[in-house]
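Throughout, the working numbering is defined as the position within the sequence shown, counted from one, plus 47.
Structure first, commentary second.
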Amino acid sequence: MASSLVQIRLDDDLKAQASALYDALGLDLPTAIRMFLKRSVMVNGIPFSMTLPANEYKATRAFRAMQEISEAASAAGVSDMTLDEINAEIDAARDGQKA
Numbered sequence: 048m049a050s051s052l053v054q055i056r057l058d059d060d061l062k063a064q065a066s067a068l069y070d071a072l073g074l075d076l077p078t079a080i081r082m083f084l085k086r087s088v089m090v091n092g093i094p095f096s097m098t099l100p101a102n103e104y105k106a107t108r109a110f111r112a113m114q115e116i117s118e119a120a121s122a123a124g125v126s127d128m129t130l131d132e133i134n135a136e137i138d139a140a141r142d143g144q145k146a
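Structural data, given as structure tokens:
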């Protein structure tokens, strides 16, 4: 099978830490990278779980919620309301619920 050369740039410290880790496992860095790529192909994706830290996940969810609210407001034709108008609508809705 023919082979190809792949070059990547790494932070010197990251390379040293990874090399030390894989050396302790009896592997060199190129072998570890080949293992990662083979596993990626085998599982048809990244071979480990990828998650955001909790605070980033919450911020992402909040941003998506804001986008959904904005889209819903545009669809309802109320996307250009001022804060005072929004608060007046909320007050009116609350007053209507109490009656």
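A virtual CB, placed ideally from N, CA and C, is assigned to each residue, including glycine.
At 4 residues or longer, what runs of the alpha helix (DSSP H) sit wholly inside the segment 79-137?
101-123
Which same chain residues, not among the five before or five after Ala79, have their C-beta less than 6 Å away from its C-beta?
Tyr69
Helix, strand or coil for Ala63, going by three-state DSSP, please let me know.
helix
Is the separation between the beta-carbon of Leu76 and that of Ser66 shorter than 8 Å?
yes
Only counting the same chain, and skipping five residues up and downstream in sequence, which positions put a Cβ closer than 6 Å to that of Leu130?
none
C-alpha distance - Ala95 paired with Arg81, whole-angstrom precision:
For the sequence presented, residue 95 should be read as Phe rather than Ala. The alpha-carbon atoms of Phe95 and Arg81 are separated by roughly 15 Å.
With H, G and I counted as helix, E and B as strand and the rest as coil, what does DSSP make of Gln144?
helix
Cα-Cα separation, Ile137 to Gly143:
10 Å
Met48 (DSSP reduced to helix, strand or coil):
coil
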